[in-house]
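Trainee: Per my numbering, residue 68 is the first one in the sequence shown, and the count goes up by one each step.
Structure provided below as structure tokens; questions to follow.
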Amino acid sequence: MAEVKYTFSELLVTGKTNPIKLIALEGILDESNADDFAPKIYEVIEQMPNETSVIIDLEKLSYMNSKSIGYIADYYNKVSAKGGKIIIAKPARNVKETLCVVGLDQMIPFTQTLEEAKLQA
């Protein structure tokens with residue numbers, strides 16, 4: 068079974084009413100763990116106030132499968148429905164290429180740094 072590690076944190080940004088939720092992923096996100104991981108993010112999204120932005124830091128994620136990409140698209144829909152934004156920060160090159168091939172970059176902004184992501188949130 069592939070391993071994925073994750074951390075959840077909040078970033079306080081001047082001028083923002085709500086803290087930004089930061090989800091950092093590390094490792095491999097595939098069929099063996101995507102369904103175990105997804106409910107944790109859904110819980111964070113459900114509990115956050117309206118108009119809260121989420122940054123997903125993919126710098127240390129080396130692989131994600133199509134199911135994982137589907138979950139990210141669904142997270143986008145749920146966060147958008149609450150008036151928030153999702154930004155993908157620092158995706159590894161191969162992960163970014165995969166996300167772009169399926170058109171996720173047309174829905175969700177990608178940034179090269181966490182600072183850029185905070186500015187877009």
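Think of the CB as a built atom: it goes at the ideal place given N, C-alpha and C, for glycine as much as any other residue.
Can you find the residues in the same chain that come closer than 6 Å, C-beta to C-beta, to Pro116, ignoring five residues on each side of it along the sequence?
Mentor: Asn85.
Trainee: Is Leu34 near Pro158, with beta carbons less than 7 Å apart?
Mentor: Residue 34 lies beyond the range of the chain shown here (68 to 188); nothing can be said about it.
Trainee: Spatial neighbours of Ala184 within its chain, please: C-beta separation below 7 Å, excluding the five flanking residues on both sides.
Mentor: Once the five neighbours on either side are set aside, the close Cβ partners of Ala184 are Ile122, Ile154, Ala156 and Thr178.
Trainee: Looking at C-alpha atoms only, which residue of Lys134, Tyr143 and Asn161 is the closest neighbour of Met174?
Mentor: Measuring from the Cα of Met174, the nearest candidate turns out to be Tyr143.
Trainee: Measuring CB to CB, does Leu89 end up less than 7 Å from Ser76?
Mentor: Yes, these two residues count as a Cβ contact at 7 Å.
Trainee: Which first and last residues belong to the alpha helix (DSSP H) in which Ile87 is found?
Mentor: Element bounds for Ile87: not the alpha helix (DSSP H) but the beta strand (DSSP E), Ile87 to Leu96.
Trainee: Would you tell me roughly how many angstroms separate the C-alpha atoms of Lys83 and Leu181, rounded to the nearest one?
Mentor: Using only the alpha carbons, I get a separation of about 16 Å.
Trainee: With a 10 Å radius around its C-beta and 16 neighbouring C-beta atoms as the bar for buried, classify Ala188 as buried or exposed.
Mentor: By the 10 Å Cβ count, Ala188 comes out buried.
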